[in-house]
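These notes concern the structure reproduced below.
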Amino acid sequence: MDCFIAIDIGTTHCKCLVVNEDNSILYQSKYKIDSLQPHEGWHEQDAEIIFQYVLSLLKESIAAAGTIHIGAVCFSAAMHSLLATDADGKPLCNAITWADTRSKLYANQLRNSDTLLQIQKESSVPVHAMSPLCKILWLKNERPEIFNGAYKFISIKEYVFSRLFGKYFIDEAMACATGMYDLECHAWSHYILNIAGIHENKVSLVVPSLHIETELLPHIQETLGIQQKISFVAGSSDGCLANIGSGALSADAAVITMGTSGAVRITIPAVQTFRHEKLFRYSLTNQYHVIGGPTNNGGIVLQWFAENVLQLPASDKGTLDKLNNLAAMAPPGAEGLLFLPYLCGERAPVWDEDATGKFENLKLSHTTAHLSRAVLEGISFSLLQILELIEIGIPAVATIKASGILTQSPFWLQMLANIFGKPVQVFDDADASSLG
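So for the sequence shown, our numbering puts the first residue at 706; every next one is plus one.
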């Protein structure tokens, strides 16, 4: 029986998962990724540190497999990161993550320009500061020394591949997430690349999600201590893979993933034509696409509320339980108290980097129990708004499948079921992206 290794490069953690052919977990490990936020709107990470985490996790996973044959190693990653590398493959800057909003000026310019309709027609992702397209425009205008010195503009995942294999390639789902890829033509959009001011040679070769590499660079193979050839699969984005990991490969099931941020997604046949300007559409395989919308404001809002209002350490495993217990003390609707969860701006359905959060109708009679309930309800109704956009074109969504921190909270899961008016299922508490 073979085993399989998953490497998931997230925003908060870099993880590995070793499973057998029955999806039984043989080993798992993770490293926390530190983010650099020296100023408002900045969100960067050190790509070299992340690569060293990947190497360590690969070594751990291979050791954990022992004598079991490794069928494949597959990669998942958070979307929308961007870094520039020179001709020697060295980063010219830190990786700029999806949460960085410094390029919002250029996102606004595109949203208000005559080019927007054509960008939306050719791209599968709404225009927003999260997009590498907007990040490249920011570098071009505000960091010209980096822009002009760049040999490639890539994601953290591509950087890892370049260090492992000495090649620049990107799976189609990650390419879709750049905002510069034409999914219908299965090629980079020259129209959008021209807007960004770059040639196609500045981005990576696009490969299918099942693309396999077997030739590690010699020093990497020596570092990992492996003699046999292993199939390394390009994989996909964390969001697309979470749909597989949650067992949602039909349009009647929507997946909610909740981590630092969150998302609602469905899987549809690639031949189905539905698109919406406020939703993304990514390739999963040649047969399947994933449609949905991301929210900036997931677990990060709970962390803020726990630390700054409840005065509880967000890192404490019992904090979420305490928050839930407080929320359960207040009635549904929190006696009129409303919470807009846009502490980090917002992506779907608002697509406004400058959106802000607020409590509405706050009275002396409201307690921390009401505040806690309002926060959970605010995040939940934001997810409902995304689902309602999906249901414009996919009316048969019958079931919600939950993954991420939601699986740790039966109270929140029941709240979602009540708000969505649909059954919410949890099949496994393992990370859905890694399992996918």
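All residues carry an ideal CB built from backbone N, CA and C; glycine is no exception.
Can you tell me where the beta strand (DSSP E) with residue i in it begins and where it stops?
i     : result
R986  : 985 to 988
D876  : 874 to 876
C721  : 718 to 725
V995  : 993 to 1000
P849  : Looking at the DSSP string, P849 is not in any beta strand (DSSP E); the run it does join, the alpha helix (DSSP H), is 849 to 854.
I710  : 708 to 714
A958  : 958 to 963
Q733  : 730 to 737
R1172 : The structure shown does not extend to residue 1172, since the chain is modelled only from 706 through 1141, so no value can be given for it.
V912  : 910 to 912
G1004 : Here G1004 belongs to no beta strand (DSSP E); instead the alpha helix (DSSP H) covers 1004 to 1013.
S1138 : Counting along the chain, S1138 falls outside any beta strand (DSSP E), though it belongs to the alpha helix (DSSP H) covering 1137 to 1140.
S1108 : 1104 to 1109
A777  : 775 to 782
Relative to the alpha-carbon of residue i, which residue among the options has its alpha-carbon at the smallest distance?
i     : options                  : result
G1098 : I996, D727, K1063        : I996
E745  : Q757, E1058, L1094       : E1058
E1093 : A783, G776, R970, L810   : R970
L921  : S955, G884, F870, F937   : F870
I900  : E1051, S941, R816        : R816
L842  : S909, G884, K1127        : G884
P796  : S955, L1043, V865, M784  : V865
N906  : I859, R868, A939, P1036  : I859
L787  : A804, K1027, R1078, D793 : A804
E918  : S955, D876, H891, I949   : D876
T965  : T802, F1116, A1033, Y758 : T802
F1010 : M784, G1083, Q977, M1034 : G1083
H748  : D793, A834, C719         : A834
L888  : Q933, K1027, R980, I961  : R980
H994  : C719, C881, V1131        : C881
G794  : I861, W1056, T1072, L810 : I861
E982  : W1056, G950, T1072       : W1056
Q1008 : T978, T972, I1110        : I1110
G950  : H785, D707, V724, C719   : V724
G1050 : A1060, L1043, V759, I710 : A1060
S836  : I738, Y886, K872         : Y886
S740  : I754, G930, K1068        : I754
K720  : V759, C708, D707         : V759
F709  : L844, D727, T717         : D727
T928  : A792, R868, T1000        : R868
D707  : I773, H718, N1013, T716  : I773
Need the endpoints of the alpha helix (DSSP H) that residue i sits in, please.
i     : result
H924  : 923 to 929
D943  : 943 to 950
P1115 : 1115 to 1125
K795  : Taken as a continuous stretch (DSSP letters only), K795 belongs to no alpha helix (DSSP H), as it is neither H nor E.
H981  : From DSSP, H981 is part of no alpha helix (DSSP H); its letter is neither H nor E.
A752  : 752 to 770
S867  : 861 to 870
I897  : 895 to 901
With the cut-off set at 8 Å, would you say residue i and residue j are in Cβ contact?
i     : j     : result
P1054 : G998  : yes
G952  : K1106 : yes
A958  : T1104 : yes
V778  : I712  : yes
L722  : S1139 : yes
H1075 : A1122 : no
I935  : I775  : yes
N1002 : S1087 : yes
A939  : F780  : yes
G808  : K840  : The residue asked about is misnamed: residue 808 is Ser in this sequence, not Gly. Yes, the pair counts as a contact, with Cβ atoms nearer than the cut-off.
F874  : V912  : yes
S829  : Y987  : yes
L1025 : Q1113 : yes
N799  : Q742  : no
A789  : A855  : yes
A947  : A1137 : yes
L915  : C945  : no
V1131 : V1080 : no
A1033 : F1116 : yes
L821  : V832  : yes
T972  : L984  : no
E863  : S909  : yes
I824  : I897  : yes
N1066 : L1042 : yes
A956  : A1101 : yes
Please list the segments of the alpha helix (DSSP H) lying wholly inside the stretch 1021 to 1084, counting only runs of 4 or more residues, in order along the chain. 1024 to 1033
For the stretch 915 to 933 and the stretch 847 to 858, state whether three or more C-beta atom pairs, one from each stretch, are separated by less than 8 Å. no
Using a Cβ distance threshold of 8 Å, determine whether the stretch 758 to 774 contacts the stretch 727 to 742, with at least three qualifying pairs required. yes
Let me know the alpha helix (DSSP H) ranges lying completely inside the stretch 812 to 843, each 4 residues or longer, listed in chain order. 821 to 827
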